[in-house]
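Heads up: the structure comes next, in structure tokens.
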Amino acid sequence: MSFELDTKALRYFVAVAERGSFSLAATHFRITQPAVSRQIQAIEKAYGVRLFRQQGRRMIPTEAGEQLLKQAQEVLGRLDDIGTSMQAAAREPAGRVSIGVTTSPAEILMPEVINRYRVRHPGVFVHIVQGSSAELAELLSNGMLDLALIYGLPERPGMSTRPLLDLQIGLVAPPRGAIAGKDPIGDARQITLADAARLPLIFPGRRELLRQALELACSKAGVVPNIVLESESLLLSKALIKAGTGYMLVGYVGVHEEVQQGTLRFIPLAEPGIIWRMFMVVRGTKAPSLAVRTMAEEIMDAVRRGGRGNRWQAEVLI
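Shown next as structure tokens:
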């Protein structure tokens, strides 16, 4: 059978059945009555049935017409539902968003972001991965993440990047009284990189981008850092410093809560200092999904709020 029953013919048929008139159906669609009649006749010819009989001034569906009417209303209803859901999806994000974060944003930024985002967009399932900047960049490249917050910027193709914050690196020291003997920091409000390099330092692992940035800064300053320990975990490093094991160089955002609680101290580096930039990186060069775009907007709003009053001792770049 060469005839293909399309939605236009079904809509014309349903309109005639519901209004009882070819002319009223034509008026509804703002077309001529013969155009409606031709569609109905084409269906009747293709299937060898009569769809309507005249009763007084009204067109009444035959038994075949009643069968078609029931199924046509169901099919058209489903099609209308598809259109409605597609329009809703264009306005309201849905699906899944995978986000990668390093330790500092995971602790300070993301709880607020996720709580606000879930209230605003309950149809989105959020998956969070925590790792180093290098690890997250690799996951982005492999398509395992949609978006990540990365310090430094490892070179990767096919990524859209946006600078968020410029963090001032400083020396993180134990609380007063945690170190036996004289406190080498005292009440200093800032410290030079050369003086900080002489202290027993806990450095990130060699694959970490911060480690590379610190070594480059020390090399430019002509100093050799006194590295006594390497730690891949910021949480462990902070615990070691609290116990008086050593010191580390990191952005204030990484120790904000501990400094506020008095369990760690943060001493900014004197000029020229070390700037450590946070980027938001989105996978792919094409336009991201609505869910990813709204998540990116939520993160940027949180960064702006956190940057007010220099809470993180960082320059907000958005």
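In the working numbering, the protein residues as written are -14 to 303.
Glycine residues also receive a C-beta, built at the ideal position from the N, C-alpha and C atoms.
Based on DSSP bridge pairs, tell me the residues matched to His112. BP columns for His112 point to Ser83.
With DSSP run on the structure shown, which of helix, strand or coil describes Gly166? When DSSP states are grouped into helix, strand and coil, Gly166 belongs to the coil group.
Enumerated in chain order, which unbroken segments of the beta strand (DSSP E) with a length of 3 residues or greater are wholly contained in the stretch 209 to 250? DSSP runs (the beta strand (DSSP E)) wholly in the stretch 209 to 250: 212 to 215, 233 to 236.
DSSP bridge partner residues for Ile154 (one or two, in chain order): Gly236
Go to Glu3, then tell me how far its alpha helix (DSSP H) extends in each direction, as first and last residue. -8 to 4
Would you kindly check if the distance between the Cβ of Gly108 and the Cβ of Ala133 is under 9 Å? no
Given a cut-off of 9 Å, decide if Arg35 and Ala49 are closer than it, judged by their beta-carbon atoms. yes
So, under 8 Å CB-CB, Gly231 and Pro185 are touching, yes? Tell me the CB distance rounded to an integer number of Å. Yes, they are in contact, since the Cβ atoms of Gly231 and Pro185 sit about 4 Å apart, within 8 Å.
Test item: CB-CB of Trp297 and Ala198 under 9 Å: Cβ atoms of Trp297 and Ala198: not closer than 9 Å.
Proximity winner among Ile67, Cys203, Gly41, Val82, relative to Thr177 (alpha-carbon distances): Cys203
Assign His241 to buried or exposed, taking buried as 16 or more other Cβ atoms, counted over all protein chains shown, within 10 Å of its Cβ. buried
Identify the continuous beta strand (DSSP E) that holds Val301 and give its terminal residues. Looking at the DSSP string, the run of the beta strand (DSSP E) that includes Val301 is 299 to 301.
Contact between the stretch 23 to 31 and the stretch -8 to 2 is defined here as three or more beta-carbon pairs at a separation below 8 Å; is this criterion met? By the Cβ criterion, the stretch 23 to 31 is in contact with the stretch -8 to 2, since at least three pairs of Cβ atoms, one from each stretch, lie closer than 8 Å.
What span of residues does the beta strand (DSSP E) with Ser46 cover, start to end? Note on identity: in this sequence residue 46 is Pro, with Ser being the wrong assignment. Taken as a continuous stretch (DSSP letters only), the beta strand (DSSP E) holding Pro46 covers 43 to 46.
Please state whether the Cβ-Cβ distance between Glu215 and Arg183 is less than 9 Å. no
Among residues of its own chain, excluding the 5 on either side of Arg161, which ones have a beta-carbon nearer than 7 Å to its beta-carbon? Asp168
In or out: Thr87 buried (at least 16 other Cβ within 10 Å) or exposed? buried
Which same chain residues end up closer than 7 Å to Asp151 when comparing Cβ atoms and leaving out the 5 residues on each side of it in sequence? Ile260, Arg262, Ala299, Glu300, Leu302
DSSP three-state assignment for Ser204, whether helix, strand or coil: In the structure shown, Ser204 sits in a helix (DSSP, three-state: H, G or I).
Tell me the DSSP secondary structure of Arg278 in three-state form. helix
Please classify Gln153 as buried or exposed, where buried requires at least 16 other C-beta atoms within 10 Å of its C-beta. buried
Once you ignore the five residues that flank Val60 on each side, which residues in its own chain have a CB closer than 7 Å to its CB? Leu(-5)
Note down the Cα distance separating Ile187 from Gly166, rounded to an integer number of angstroms. 20 Å
Residue span of the alpha helix (DSSP H) that contains Met129, given as start and end: No alpha helix (DSSP H) contains Met129, which DSSP labels as neither H nor E.
Taking the alpha carbon of Arg289 as the point to measure from, which residue in Leu94, Leu53, Ile99, Val104 has its own alpha carbon closest? Leu94
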